[in-house]
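This report refers to the structure that appears directly beneath it.
There are 2 protein chains.
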Amino acid sequence: MKTRDIGRSAVRDELARTAFPLFCDRGFDEVTFEELATVAGVSRSTFLRYFGSKEEVVLFSFDPLGAQMVEALLDRPAHEKDRTALRHALSPATGFLNRDPAEGLALLRLIGRTPALCARLREKQAGWRPGLARALAERPGARPGPDLRRQVLAGTALECLTVSLEHWASSEGDIDLDGLINDSFSALSD
Amino acid sequence: MKTRDIGRSAVRDELARTAFPLFCDRGFDEVTFEELATVAGVSRSTFLRYFGSKEEVVLFSFDPLGAQMVEALLDRPAHEKDRTALRHALSPATGFLNRDPAEGLALLRLIGRTPALCARLREKQAGWRPGLARALAERPGARPGPDLRRQVLAGTALECLTVSLEHWASSEGDIDLDGLINDSFSALSD
DNA sequence: CCCTAGTTGATACTGAGTGTCAAAGTCGAG
DNA sequence: CTCGACTTTGACACTCAGTATCAACTAGGG
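Those protein sequence lines, which keep their order, are chains Y and E.
If you read the first sequence in my numbering, its first letter stands for residue 15, the second for the next number, and so on.
If you read the second sequence in my numbering, its first letter stands for residue 15, the second for the next number, and so on.
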């Protein structure tokens with residue numbers, strides 16, 4: 015039954031793809047499911063079945079990043095300090111947006127000017143913190159320590175990501191995103 | 015026209031106060047505006063006029079914290095390092111929850127098990143970051159530097175607050191909250 | 001006392017999100 | 001190829017959040 019799931023996520027991608035320009039043009043709140051469905055050529059019911067909420071239509075593409083960052087963190091060499099490893103572990107996120115910078119910027123702009131999307135993305139990000147913290151405890155050569163410390167380290171890394179993305183978006187992508195990440199982490203240790 | 019505004023916020027407090035136990039008992043999503051209004055003895059229209067959304071009924075009490083933390087930060091002595099000043103600037107938030115620990119814990123629990131409230135609170139917190147960053151630039155004896163650094167410092171301070179509150183809530187308030195804040199900041203510099 | 005401005009509750013409306021159902025489509029087994 | 005099980009789809013009905021409007025009411029200032 016794998017073909018079902020493949021088809022399902024392909025349809026998801028396609029629906030989101032047709033929805034994106036509408037959101038960008040007219041604003042997230044001004045577009046209804048009815049219109050999204052009409053443009054995509056399906057019924058409102060079907061569209062709603064693929065996304066639990068309107069926010070998900072925009073934000074579901076961020077979902078894999080949590081697991082990808084955990085994997086990236088676990089792949090860092092044992093001798094690397096936690097903070098450095100975390101900095102490198104953000105690469106799935108920067109890569110996701112840098113793959114197609116124009117679309118990445120449009121996405122961040124849309125999110126930035128839509129409070130509901132800001133809130134939901136922050137919620138998603140907050141959901142990544144526990145996983146990263148656990149990965150910190152499980153990485154090769156991890157020294158035991160309080161959970162609080164790992165949560166703080168993971169949380170600050172994600173906050174560096176957020177701040178960097180904000181500056182990247184407001185520079186229209188002119189500044190190198192990975193450079194901003196490095197600068198953000200530098201600000202942590204001075 | 016000051017009496018109007020005083021009366022207005024007094025009514026707000028009272029409405030929120032009557033609503034809180036309902037949310038705690040039956041869950042945020044299971045309570046409708048209709049019920050809130052009935053219990054409070056006003057019409058649905060009136061209740062809705064005092065709060066822009068259902069989330070605000072629970073979260074509006076956090077609103078003053080942003081300005082209070084900025085004020086607290088500006089009051090810190092000039093010789094204090096930015097990070098230390100930020101740590102102390104969180105005291106309005108810890109004080110707000112420690113004033114009545116039982117209610118503070120109930121509030122955090124309610125938020126913790128309601129995704130919509132999590133998201134909105136995170137949004138509010140994110141809104142405090144720019145103010146704190148600006149205050150960092152304006153504090154007595156501030157050395158000029160890139161905005162990115164100040165945003166990161168303010169963001170990490172707020173993340174320390176979030177993580178500390180999370181641990182405080184999951185310990186049922188047994189662990190000292192200000193101690194957790196200190197420990198969180200310690201994790202930043204090692 | 002009256003006039004004005006703000007408050008209230010009633011009503012109606014849009015749109016998100018849920019649930020149900022029958023019809024149509026898909027896939028594997030015989 | 002055909003049958004039967006399972007899935008997907010679209011239609012419909014429903015609840016509730018949130019917005020807007022309006023007439024009745026109320027409080028404060030002159």
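Backbone N, C-alpha and C fix where the C-beta goes; we use that ideal spot for every residue, glycine too.
Just so we're clear, the structure is a prediction, and the values are computed from it rather than from any experiment.
Using a CB distance below 7 Å, the part of the stretch 126-140 of chain Y facing chain E consists of Pro129, Cys132, Ala133, Arg134, Arg136, Glu137, Ala140, ordered along the chain. Residue nearest to alanine 168 of chain E within the set E:Ala81, E:Asp96, E:Leu194, E:Val72 is E:Asp96 (criterion: CA-CA distance).
For alanine 120 of chain Y, the uninterrupted alpha helix (DSSP H) segment begins and ends at 115-126. Taking phenylalanine 47 of chain Y as reference, the option from Y:Asp114, Y:Leu104, Y:Phe61 with the minimal CA-CA separation is Y:Phe61. The count of Cβ pairs closer than 8 Å, one atom from the stretch 155-165 of chain Y and one from the stretch 156-165 of chain E, stays below three, leaving the stretches out of contact. In terms of beta-carbon proximity, threonine 170 of chain E lines the interface with chain Y, with at least one pair separated by less than 9 Å. Remark: three or more beta-carbon pairs, one from each stretch, lie closer than 8 Å, so the stretch 52-60 of chain E and the stretch 31-44 of chain E are flagged as touching. Residues of chain Y whose Cβ lies closer than 7 Å to the Cβ of alanine 201 of chain E are, in chain order, Leu162, Arg163, Val166, Leu167. Fewer than three beta-carbon pairs drawn from the stretch 133-141 of chain Y and the stretch 108-119 of chain Y are found closer than 8 Å, and the two stretches are therefore not classed as touching. Straight-line measurement puts the Cα of leucine 100 of chain E at about 37 Å from the Cα of serine 67 of chain Y.
Histidine 181 of chain E counts as buried, since at least 16 other C-beta atoms from the protein chains shown sit within 10 angstroms of its C-beta. Membership of phenylalanine 110 of chain E in the alpha helix (DSSP H) is indicated by the continuous run 105-112. Per DSSP, reduced to three states, the secondary structure at phenylalanine 65 of chain E is coil, with no helix or strand assignment.
Per DSSP, reduced to three states, the secondary structure at proline 160 of chain Y is coil, with no helix or strand assignment. Identification of residues in the stretch 173-185 of chain E having a C-beta nearer than 9 Å to some C-beta of chain Y yields Glu173, Cys174, Thr176, Val177, Ser178, Glu180, His181, given in sequence order.
The beta carbon of serine 198 of chain E sits closer than 9 Å to some beta carbon of chain Y.
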